[in-house]
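See below for the structure under consideration.
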Amino acid sequence: MRGQPNTMKLNTAIEYGAASLLILVTLLCIFTPEPIFFKQFAAYTLYIMLGLLGAGLLFFVFNQNRLMMVSLLCCCGLNLYLKESSNNQLRLAAVTSNPSLRITHVSLGNAESDYDSVIDYLLRIDADFLSFQELTPDWNTHLTDRLSPTFRYVQTLTRLDQYGMGFFSKLPFQKIDTIYHNDIPNLVGTIGLSERGSCQIISCQVVPPVNQAAFMAIDDHLRSITSYMDGLEGSTVVLGDFHLPPWSAEVQNFKVSAKLQDGRRDIHPRNIDGSISLPRIPVEHILFTDEFECTSFSEIGNAIVGRIGITGTYQLQQEHEEMAQ
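Each residue of the sequence shown is one higher than the last, beginning at 23 in this note's numbering.
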């Protein structure tokens, strides 16, 4: 009998310790400290949320009611946090007669098939504008040969490293520019959407976040894009592989300072055919200013070509279309 109270105290201590650990993990995901370990840890917030959900169900099976409640509440907290970092609209905007642009962003480094299979897949997507990153000379030759009859306006910057990029557009370019940040190019194309309105599309590729200095370089790079955008007129779209998810501090700070919105509405990747794939950490982004509203957003790819990018449709909001006229 004397040992029973000690066992109960031990079980209670373990229960409180496990609950404290669950809460600590949740807080680290939401309020991430600066050291690189915590930043890399927070990149897996999506999987941690799913793990908390699984843990809550497991605690339910073993009749651990307190731990179940703590785990599910932490899961709900992370779910709300992830939702807030994406497009927080409950539904996509309705399609109107306002000018719109279907933009597809492709990271060629993710392609898992030969040139022709990837290009055949892209030609089946009804896009107005294709953006490519990790564009090598070989890819450029094949893309230009196959896509230029449909996308007549082409501007490419090929490199042997990850910083090659290019635009293939059905709409003519009004202006093309390349801005550099620490020798990293950012391709900028301006196209007309209506008689008086234009849109700047900025392709941004940053360094991989391999250490603390790289995280600082990414933040500095995105701040330089924000400064460049301050001098632009009209609507703007920023796209590219940031190597960071939407909930990272660097991407969130960029969206706030540059007044950009995210077309991605949820964390579950929806493919262009309507199917839902297994969850993964999203690092490709198409961000847009408030002159636009997003009417569709999905991932592109299949079992043959791999997950190669994202696509979305962006139309001018009514008030901005009336101002342009």
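The beta-carbon is built from N, C-alpha and C at its ideal position, and this holds for glycine as well.
Values in this document were obtained by computation on a predicted structure and should not be read as measured data.
Notebook entry, point to check: How is Val259 classed by DSSP in three states: helix, strand or coil?
Noted result: Position 237 of the sequence shown, counted from the first residue, corresponds to residue 259. Looking at Val259 - three-state DSSP - the assignment turns out to be strand.
Item checked: Same chain, Cβ closer than 7 Å to Ile326, neighbours up to 5 away in sequence not counted -> Numbered from 1 along the sequence shown, position 304 holds the residue referred to as residue 326. Closer than 7 Å at the Cβ level, and outside the excluded window around Ile326, lie Ser135 and Ser139.
Checklist line | Distance, Thr34 Cα to Asn208 Cα | finding: Residue mapping note: residue 208 aligns to position 186 of the sequence shown, counting from 1. Residue mapping note: residue 34 aligns to position 12 of the sequence shown, counting from 1. Cα-Cα distance, rounded: 56 Å.
Next item on the list: Could you have a look at Asn275 and say whether DSSP puts it in helix, strand or coil?
Entry: Counting from 1 along the sequence shown, the entry for residue 275 is found at position 253. Helix at Asn275.
Check: To the nearest angstrom, how far is it from the Cα of Tyr336 to the Cα of Lys61?
Finding: Numbered from its first residue, the sequence shown carries residue 336 at position 314. Numbered from its first residue, the sequence shown carries residue 61 at position 39. For Tyr336 and Lys61, the distance between alpha carbons rounds to 32 Å.
Notebook entry, point to check: What's the call for Asp263, buried or exposed, on a 16-neighbour Cβ count within 10 Å?
Noted result: Position 241 of the sequence shown, counted from the first residue, corresponds to residue 263. Counting Cβ neighbours within 10 Å, Asp263 comes out buried, since at least 16 surround it.
Notebook entry, point to check: In the structure shown, what three-state DSSP assignment does Asp284 receive?
Noted result: Taking the first residue of the sequence shown as 1, we reach residue 284 at position 262. Of the three classes helix, strand and coil, the one that applies to Asp284 here is strand, per DSSP.
Next item on the list: In the DSSP assignment, find the unbroken alpha helix (DSSP H) run with Phe173 in it and report its ends.
Entry: The residue you call residue 173 lines up with position 151 of the sequence shown. Careful: Phe173 lies outside any alpha helix (DSSP H) and carries neither H nor E.
Next item on the list: Compute the Euclidean distance between the alpha carbons of Met251 and Phe190, then round it to the nearest angstrom.
Entry: Counting from one through the sequence shown, the residue named residue 251 turns up at place 229. Counting from one through the sequence shown, the residue named residue 190 turns up at place 168. One C-alpha to the other measures close to 22 Å.
Next item on the list: Mark Glu313 as exposed unless 16 or more other C-beta atoms lie within 10 angstroms of its C-beta, in which case mark it buried.
Entry: Along the sequence shown, read from residue 1 onward, the residue named residue 313 stands at position 291. Looking at its Cβ environment, which holds 16 or more other Cβ atoms inside 10 Å, Glu313 is buried.
Check: With a CB to CB cut of under 8 Å and the five nearest residues on each side skipped, what residues in its chain are close to Glu272?
Finding: One-based indexing of the sequence shown puts residue 272 at position 250. Hits under 8 Å: Phe237, Ile240, Asp241, Leu244, Phe264 and Leu266.
Check: Comparing alpha-carbon positions, which option in Leu261, Ser225, Ser129 and Pro159 lies nearest Ile201?
Finding: Against the sequence shown, residue 201 aligns to sequence position 179. Comparing Cα-Cα distances from Ile201 to each of Leu261, Ser225, Ser129 and Pro159, the minimum goes to Ser225.
Notebook entry, point to check: Since Leu244 sits in a beta bridge, which residues does DSSP pair it with?
Noted result: Counting from one through the sequence shown, the residue named residue 244 turns up at place 222. Looking at the DSSP assignment, Leu244 forms no beta bridge with any residue, so it has no partner.
Item checked: Alpha carbon of Asn120 to alpha carbon of Gly214, nearest angstrom -> Here residue 120 corresponds to residue number 98 of the sequence shown, with the count starting at 1. Here residue 214 corresponds to residue number 192 of the sequence shown, with the count starting at 1. About 13 Å.
Notebook entry, point to check: Got a sec, what are the start and stop residues for the beta strand (DSSP E) Thr317 sits in?
Noted result: To locate residue 317, count along the sequence shown from 1; it is residue 295. Thr317: member of the beta strand (DSSP E) spanning Phe314 to Asn324, first to last residue.
Checklist line | Helix, strand or coil at His164 according to DSSP, with G and I counted as helix | finding: For this step, residue 164 is matched to residue 142 along the sequence shown. Here His164 sits in helix by DSSP.
Next item on the list: Would you list the residues sitting across from Pro207 in a DSSP beta bridge?
Entry: Here residue 207 refers to the residue found at position 185 of the sequence shown. DSSP, once it has assigned bridges, lists Tyr202 as partnering Pro207.
Notebook entry, point to check: Is any heavy atom of the ligand SAH found at a distance shorter than 8 Å from the C-beta of Tyr250?
Noted result: The ligand SAH is absent from the structure shown, which contains no ligand whatsoever.
Checklist line | For Leu95, the nearest candidate out of Ser107, Leu74, Lys105 and Phe81 (CA to CA) | finding: Here residue 95 is taken as the residue at index 73 of the sequence shown, counted from 1. If we check each option's Cα against that of Leu95, Leu74 comes out closest.
Next item on the list: Drop a sphere of 10 angstroms on the beta-carbon of Pro194, count the other beta-carbons inside from all chains shown, and report buried for 16 or more, exposed for fewer.
Entry: As a position in the sequence shown, residue 194 is number 172, starting the count at 1. Flag for Pro194 reads exposed.
Margin query: Applying the 10 Å Cβ sphere with the 16-neighbour rule, what's the burial state of Phe53?
Written below: Translated into positions along the sequence shown, residue 53 becomes position 31. Within a 10 Å sphere around the beta-carbon of Phe53 sit fewer than 16 other beta-carbons, which makes this residue exposed.
Item checked: Cα-Cα separation between Pro301 and Ile70, rounded to whole angstroms -> By one-based count along the sequence shown, residue 301 stands at place 279. By one-based count along the sequence shown, residue 70 stands at place 48. Rounded to whole angstroms, Pro301 to Ile70 spans 12 Å at the Cα level.
Next item on the list: Mind reading off the beta-carbon distance from Thr118 to Gln340? Whole number of angstroms is fine, and I expect it under 8 Å.
Entry: For this step, residue 118 is matched to residue 96 along the sequence shown. For this step, residue 340 is matched to residue 318 along the sequence shown. So it is a contact: roughly 7 Å between Cβ atoms.
Next item on the list: Flag this pair as yes or no: are the beta carbons of Phe154 and Val128 separated by less than 9 Å?
Entry: Here residue 154 is taken as the residue at index 132 of the sequence shown, counted from 1. Here residue 128 is taken as the residue at index 106 of the sequence shown, counted from 1. Cβ atoms of Phe154 and Val128: closer than 9 Å.
Next item on the list: Starting from Ile125, trace the beta strand (DSSP E) both ways and give me its first and last residue.
Entry: Counting from one through the sequence shown, the residue named residue 125 turns up at place 103. If you look at Ile125, you'll find it in the beta strand (DSSP E) that goes Ser122 to Ser129.
Notebook entry, point to check: Can you give the beta carbon distance from Thr258 to Thr311, rounded, assuming they're within the 8 Å contact cut?
Noted result: Indexing the sequence shown from 1 puts residue 258 at position 236. Indexing the sequence shown from 1 puts residue 311 at position 289. The pair is a contact, with the Cβ atoms about 5 Å apart (cut-off 8 Å).
Margin query: Along the chain, where does the alpha helix (DSSP H) containing Phe82 start, and where does it finish?
Written below: For this step, residue 82 is matched to residue 60 along the sequence shown. Where Phe82 is concerned, the enclosing alpha helix (DSSP H) stretches over Thr67 to Val83.
Next item on the list: Just tell me which of Phe63, Glu37, Leu102 and Met187 has its CA closest to the CA of Phe84.
Entry: For this step, residue 84 is matched to residue 62 along the sequence shown. Here the closest residue by C-alpha is Glu37.
Margin query: Does Leu49 pass the burial test, meaning 16 or more other C-beta atoms within 10 Å, or should it be called exposed?
Written below: Along the sequence shown, one-based indexing puts residue 49 at 27. With fewer than 16 neighbouring CB atoms inside 10 Å of its own CB, Leu49 falls in the exposed class.
Check: In the DSSP assignment, what are the bridge partners of Arg329?
Finding: Locating residue 329 in the sequence shown gives position 307, counting from the first residue. Bridge partners of Arg329: Gly323.
Next item on the list: Buried or exposed for Phe59, please, with buried defined as at least 16 other CB atoms from any protein chain shown within 10 angstroms of its CB.
Entry: As a first step, residue 59 must be located in the sequence shown, where it is residue number 37. Phe59 comes out exposed.
Next item on the list: Could you tell me if Met187 is buried or exposed, where buried requires 16 or more neighbouring beta carbons within 10 angstroms of its beta carbon?
Entry: Position 165 of the sequence shown, counted from the start, is the residue given in the question as residue 187. The residue is buried, with at least 16 neighbouring Cβ atoms inside 10 Å.
Next item on the list: Could you pull the start and end residues of the beta strand (DSSP E) that Ile224 belongs to?
Entry: Here residue 224 corresponds to residue number 202 of the sequence shown, with the count starting at 1. Looking at the DSSP string, the run of the beta strand (DSSP E) that includes Ile224 is Ser220 to Ser225.
Note to self: Please classify Asp183 as buried or exposed, where buried requires at least 16 other C-beta atoms within 10 Å of its C-beta.
What the structure shows: Mapped onto the sequence shown, residue 183 falls at position 161. Counting Cβ neighbours within 10 Å, Asp183 comes out exposed, since fewer than 16 surround it.
Check: By a C-beta neighbour count over all protein chains shown, 10 Å radius and 16 as the cutoff for buried, is Ala133 buried or exposed?
Finding: Here the question's residue 133 lines up with position 111 in the sequence shown. Under this definition Ala133 is a buried residue.
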